[in-house]
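Peer 1: Under this note's numbering, the first residue of the sequence shown carries the number 1, and numbering increases by one thereafter.
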Amino acid sequence: MDNTGKDTTEKFVNKIYRYMKNDMPIEVFMAKFNMTTNELYGVIELCKLYGKEIEIVCLDENVKNAKKGDLVFRKGRVKKASSSLSKLSIDDPKLNHNEICVVSDTHFGNNHQQLHLLNDIYQEAYNRGIKTVLHVGDVVDGNYPNRPEQPRQQFLHGFDEQVGYVADMYPEIDGMQTYYILGSHDETHYKNGQATVNAWLNRSRPDMTFLGQDTGEFDVDGVKIVLDHPGGGSAQSLSYKPQKRIEIMEAKYKPKVLLIGHYHKSYAFQYRNVQCIEVPALCDKTQFQQKQGLVNNVGAYFLDIYSDRNGNIQYFEPEEILFGREDMWDEAGKDSKKVKKLKITNGVY
Ligand SMILES: [Fe+2]
Ligand SMILES: [Fe+2]
């Protein structure tokens with residue numbers, strides 16, 4: 001186990017699985033990791049042990065980046081070996097099945113932003129056929145008048161630069177919709193001069209839908225999902241604040257899934273019949289966090305949800321994706337200057 005509480009083998013499997021793309025020739029993958037065929041088959045067995053479906057098929061036609069006859073990867077739905085339901089009931093055609101990607105705290109405009117990692121997550125969502133992404137706030141880094149050191153930590157200053165960057169650079173993929181709330185950092189623009197991030201994104205990005213400031217609701221086949229960006233400081237125990245939040249909710253307003261941004265921590269647990277996810281950030285540790293001694297988890301979640309016609313969850317699988325130090329691009333503004341926008345139209349990049 002490491003300090004994220006995650007089995008290191010599982011972390012390795014999650015990471016390696018992200019690199020395996022549909023229709024990627026295995027030769028390309030083996031060259032990238034300097035792997036022999038036997039090692040590759042060992043890795044595939046390991047992926048299967050952790051519930052990740054992957055197989056190797058022979059292409060019967062040319063596709064982008066691979067040709068007929070190439071051996072390529074095919075990824076399937078991620079399943080956990082032990083679920084609360086038997087496989088039989090998961091395959092029940094009466095159940096609704098939805099896969100959703102969840103991201104948070106991108107802090108665009110901060111020198112430590114990691115747009116390339118957000119792109120990786122969207123690319124992975126696209127590979128899996130996921131159409132819905134939820135963003136739990138702090139889309140931009142904002143401007144705090146009481147933090148005079150902040151401008152030095154940003155490559156984009158003020159509302160126009162930060163929101164213009166999101167409009168221009170946020171991943172844009174055919175058929176994929178991002179639903180977002182705004183958080184504490186986004187709100188500074190409103191407090192400074194009544195500038196609202198959503199008003200401008202609504203005009204420029206029809207693939208981005210605003211759900212609310214600090215909190216918002218999203219419904220998928222009757223399953224109520226609440227997105228929450230609490231503000232305020234961290235608690236010692238990861239689950240303490242979300243538990244308090246659930247305790248004060250009236251039964252009829254209680255969601256089935258509660259997604260929490262702002263803390264830049266990754267944690268999934270169930271409390272009083274609510275599936276709770278603390279969603280990690282997609283920004284590296286900032287100077288502010290460094291000074292405060294705050295932990296900063298970087299990553300995202302993929303949720304696999306099976307629900308009945310009353311909107312009750314019958315099976316729930318949160319898949320945590322965590323990035324490590326080696327994935328961050330902080331030096332010499334590599335992320336802010338070099339990353340291209342991820343745009344996919346009609347399957348073309
Ligand atoms: Fe944040
Ligand atoms: Fe925040």
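For glycine and all other residues, C-beta sits at the position ideal for the given N, C-alpha and C.
Going residue by residue through the region 266-330, where are the continuous beta strand (DSSP E) segments of at least 3 residues, counting only ones entirely within it?
Peer 2: You should have 267-271, 274-278, 299-307, 313-322.
Peer 1: Judging by CA-CA distance, which residue of E278, P206, P148 is the nearest neighbour of K241?
Peer 2: Along the sequence shown, read from residue 1 onward, the residue named residue 241 stands at position 241. Cα-wise, what sits closest to K241 is E278.
Peer 1: Just to check, is the beta-carbon of G212 closer than 8 angstroms to a non-hydrogen atom of ligand 2?
Peer 2: In the sequence shown, the residue the question calls residue 212 occupies position 212. Outside the cutoff, so no.
Peer 1: Taking Cβ positions, are L201 and L211 nearer each other than 9 angstroms?
Peer 2: Here residue 201 is taken as the residue at index 201 of the sequence shown, counted from 1. Here residue 211 is taken as the residue at index 211 of the sequence shown, counted from 1. No, Cβ-Cβ distance for L201 and L211 is not below 9 angstroms.
Peer 1: Taking the alpha carbon of Y271 as the reference point, which residue from F159, Y179, L259 has its own alpha carbon closest?
Peer 2: On the sequence shown, residue 271 is found 271 positions in, with the first residue counted as 1. Comparing Cα positions, the closest option is L259.
Peer 1: If you compare alpha carbons, which of I44, I313, K131, P255 is closest to Y17?
Peer 2: For the purposes of this step, residue 17 is identified with residue 17 of the sequence shown, where counting begins at 1. When only C-alpha atoms are compared, the closest one is I44.
Peer 1: Do the region 242-259 and the region 281-294 meet, that is, are 3 or more Cβ pairs less than 8 angstroms apart?
Peer 2: Short answer: they don't touch.
Peer 1: Is D105 near ligand 2, with its Cβ less than 8 angstroms from a heavy atom?
Peer 2: Sequence index remark: in the sequence shown, residue 105 carries index 105 (1-based). Yes, the Cβ of D105 comes within 8 angstroms of a heavy atom of ligand 2.
Peer 1: Is A31 buried or exposed, if buried means 16 or more other CB atoms sit within 10 Å of its CB?
Peer 2: Within the sequence shown, residue 31 is the residue found at index 31, counting from 1. By the neighbour-count rule (16 or more Cβ atoms within 10 Å), A31 is not buried but exposed.
Peer 1: So, is K338 buried or exposed, given that buried needs 16 or more other C-beta atoms within 10 angstroms?
Peer 2: By one-based count along the sequence shown, residue 338 stands at place 338. With fewer than 16 other Cβ atoms within 10 Å, it is exposed.
Peer 1: Between which two residues does the beta strand (DSSP E) holding T132 run?
Peer 2: Here residue 132 is taken as the residue at index 132 of the sequence shown, counted from 1. First-last of the beta strand (DSSP E) with T132: 132-135.
Peer 1: In whole angstroms, give me the CA-to-CA distance for K244 and E172.
Peer 2: By 1-based counting over the sequence shown, the position of residue 244 is 244. By 1-based counting over the sequence shown, the position of residue 172 is 172. Going from the Cα of K244 to the Cα of E172 covers about 36 angstroms.
Peer 1: Would you check whether ligand 1 has a heavy atom nearer than 8 angstroms to the C-beta of H97?
Peer 2: Numbered from its first residue, the sequence shown carries residue 97 at position 97. No, Cβ of H97 sits at least 8 angstroms from all heavy atoms of ligand 1.
Peer 1: Between N96 and the rest of its own chain, which residues show a CB-CB distance below 6 angstroms, the 5 nearest in sequence each way excluded?
Peer 2: Translated into the one-based positions of the sequence shown, residue 96 becomes position 96. Counting only Cβ-Cβ distances below 6 angstroms, and skipping sequence neighbours, we find D221, S307.
Peer 1: When burial is assigned at 16 or more other CB atoms within 10 Å of the CB, is G142 buried or exposed?
Peer 2: Here residue 142 refers to the residue found at position 142 of the sequence shown. It counts as buried.
Peer 1: In the DSSP assignment, what are the bridge partners of D228?
Peer 2: As a first step, residue 228 is located in the sequence shown; it is residue number 228 there, counting from the start. Paired residue(s): T215, I260.
Peer 1: I'd like to confirm something about S234: is its beta-carbon nearer than 8 angstroms to some heavy atom of ligand 2, or not?
Peer 2: By 1-based counting over the sequence shown, the position of residue 234 is 234. No, since every heavy atom of ligand 2 falls outside the 8 angstroms radius drawn around the Cβ of S234.
Peer 1: Going by C-alpha to C-alpha distance, which of K67, N192, P206 sits closest to G158?
Peer 2: Taking the sequence shown and counting its residues from 1, one reaches residue 158 at position 158. The option with the nearest alpha carbon to G158 is N192.
Peer 1: In angstroms, rounded to a whole number, what distance separates the CA positions of G232 and V136?
Peer 2: Taking the sequence shown and counting its residues from 1, the one referred to as residue 232 is at position 232. Taking the sequence shown and counting its residues from 1, the one referred to as residue 136 is at position 136. Between G232 and V136, the C-alpha separation is close to 15 angstroms.
Peer 1: Could you please give the first and the last residue of the uninterrupted beta strand (DSSP E) stretch that includes L182?
Peer 2: Reading the sequence shown from its first residue, position 182 is the one you call residue 182. Here the beta strand (DSSP E) through L182 covers 177-182.
Peer 1: Measure the alpha-carbon distance for P151 versus F288 and round it to whole angstroms.
Peer 2: Reading the sequence shown from its first residue, position 151 is the one you call residue 151. Reading the sequence shown from its first residue, position 288 is the one you call residue 288. Their backbone Cα atoms lie some 12 angstroms apart in a straight line.
Peer 1: Is it the case that the CB of H264 approaches a heavy atom of ligand 1 more closely than 8 angstroms?
Peer 2: The sequence position of residue 264 within the sequence shown is 264, counting from 1. Yes; taking the cut-off as 8 angstroms, the Cβ of H264 has a heavy atom of ligand 1 nearer than that.
Peer 1: Can we count G216 as close to ligand 2, meaning its CB is less than 8 angstroms from some heavy atom?
Peer 2: Numbered from its first residue, the sequence shown carries residue 216 at position 216. Incorrect: G216 has no Cβ contact closer than 8 angstroms to ligand 2.
Peer 1: Is there at least one non-hydrogen atom of ligand 1 closer than 8 angstroms to the beta-carbon of G183?
Peer 2: If you number the sequence shown from 1, residue 183 lands on position 183. Result yes, Cβ under 8 angstroms from ligand 1.
Peer 1: Would V103 and A268 qualify as a contact pair, given that the criterion is a beta-carbon distance under 9 angstroms?
Peer 2: Sequence index remark: in the sequence shown, residue 103 carries index 103 (1-based). Sequence index remark: in the sequence shown, residue 268 carries index 268 (1-based). In this structure, A268 does not lie closer than 9 angstroms to V103 by Cβ.
Peer 1: Would you mind working out which of I305, S204, N65 sits nearest M24, comparing C-alpha positions?
Peer 2: Here residue 24 refers to the residue found at position 24 when the sequence shown is read from its first residue. Comparing Cα-Cα distances from M24 to each of I305, S204, N65, the minimum goes to N65.
Peer 1: Considering only the alpha carbon of each residue, which of Y349, Y190, I246, V139 lies closest to L115?
Peer 2: For the purposes of this step, residue 115 is taken as the residue at position 115 of the sequence shown. Considering only alpha carbons, the answer is V139.
Peer 1: Just mark P280 as buried or exposed, buried being the case when its beta carbon has 16 or more other beta carbons within 10 Å.
Peer 2: Working through the sequence shown from its first residue, we reach residue 280 at position 280. By the 10 Å Cβ count, P280 comes out buried.
Peer 1: Within 10 angstroms of its Cβ, does T37 collect 16 or more other Cβ (buried), or is it exposed?
Peer 2: In the sequence shown, the residue the question calls residue 37 occupies position 37. Classification for T37: exposed.
Peer 1: Could you name the residues of the same chain whose beta carbon sits closer than 8 angstroms to that of N297, not counting the 5 residues immediately before and after it, in chain order?
Peer 2: Here residue 297 corresponds to residue number 297 of the sequence shown, with the count starting at 1. These residues qualify, in order along the chain: T4, H264, K265, S266, P280, A281, L322.
Peer 1: In this structure, what does DSSP give as the bridge partners for K75?
Peer 2: Stepping through the sequence shown from its first residue, residue 75 is reached at position 75. Paired residues: I54.
Peer 1: Could you spell out where the alpha helix (DSSP H) holding H107 opens and where it closes?
Peer 2: Here residue 107 refers to the residue found at position 107 of the sequence shown. Careful: H107 lies outside any alpha helix (DSSP H) and carries neither H nor E.
Peer 1: Can you name, in chain order, every residue of its own chain whose Cβ lies under 7 angstroms from the Cβ of P255, other than the five neighbours on each side?
Peer 2: The residue you call residue 255 lines up with position 255 of the sequence shown. Excluding positions up to five away in sequence, the list reads K224, I225, V226, V274.
Peer 1: So what does DSSP say about M208, is it helix, strand or coil?
Peer 2: Stepping through the sequence shown from its first residue, residue 208 is reached at position 208. Three-state DSSP puts M208 in a strand.
Peer 1: What is the DSSP secondary structure of V140, reduced to helix, strand or coil?
Peer 2: As a working mapping, residue 140 is identified with position 140 in the sequence shown. Looking at V140 - three-state DSSP - the assignment turns out to be strand.
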